[in-house]
Amino acid sequence: MIRVEVAYATPERQEIRPVDVPEGTSAFDAVMASDIQTLFPEIDAESADMGIFGKVIKAPRSHPLRAGDRVEIYRPLQIDPKQARLNRARKKS
Numbered sequence: 000m001i002r003v004e005v006a007y008a009t010p011e012r013q014e015i016r017p018v019d020v021p022e023g024t025s026a027f028d029a030v031m032a033s034d035i036q037t038l039f040p041e042i043d044a045e046s047a048d049m050g051i052f053g054k055v056i057k058a059p060r061s062h063p064l065r066a067g068d069r070v071e072i073y074r075p076l077q078i079d080p081k082q083a084r085l086n087r088a089r090k091k092s
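Below is the structure:
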């Protein structure tokens with residue numbers, strides 16, 4: 000068994016859940032084992048982007064974890080970052 004963490008955050012709250020999983024467990028399986036969806040029902044693990052310590056992983060279902068990894072579940076963007084910067088720049092003028 001290895002210990003990993005599963006993290007999710009909203010603007011109001013963040014949660015990091017430690018979970019013990021067998022070696023070779025995928026990031027997706029760790030998210031499911033953490034039961035974090037009970038705290039944040041809006042999480043759709045099937046389609047959510049995930050990463051390990053800020054680096055996006057392309058295939059969470061097949062990405063094996065190592066002891067100490069933190070799987071992060073990313074929320075969908077509300078607005079494109081480039082558009083957000085443009086909007087802020089326009090407000091300042």
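For the sequence shown, numbering that gives the first Met the number 0 begins at 0 and goes up steadily by one. Where is the CB? At the ideal position from N, CA and C, for every residue including glycine.
1) Label PHE52 either buried or exposed according to how many other C-beta atoms from any shown protein chain fall within 10 Å of its C-beta, with 16 as the threshold for buried.
2) Rounded to a whole number of angstroms, what is the C-alpha to C-alpha distance between PRO59 and VAL30?
3) Using 8 Å for Cβ pairs, my map puts SER61 next to SER25. What's the rounded Cβ distance?
4) When we look at the beta-carbon of GLU71 and count the other beta-carbons within 10 Å, is it buried (16 or more) or exposed?
5) Check whether the Cβ atoms of ALA6 and ARG65 lie closer than 8 Å to each other.
With the structure as the only source:
1) Along the sequence shown, read from residue 1 onward, the residue named residue 52 stands at position 53. The residue is exposed, with fewer than 16 neighbouring Cβ atoms inside 10 Å.
2) As a first step, residue 59 must be located in the sequence shown, where it is residue number 60. As a first step, residue 30 must be located in the sequence shown, where it is residue number 31. Roughly 10 Å between the two C-alpha positions.
3) As a working mapping, residue 61 is identified with position 62 in the sequence shown. As a working mapping, residue 25 is identified with position 26 in the sequence shown. Yes, they are in contact, since the Cβ atoms of SER61 and SER25 sit about 6 Å apart, within 8 Å.
4) As a working note, residue 71 is residue 72 in the sequence shown. So GLU71 ends up on the buried side.
5) Walking along the sequence shown from the start, residue 6 turns up at place 7. Walking along the sequence shown from the start, residue 65 turns up at place 66. Result no, Cβ atoms of ALA6 and ARG65 do not sit closer than 8 Å.
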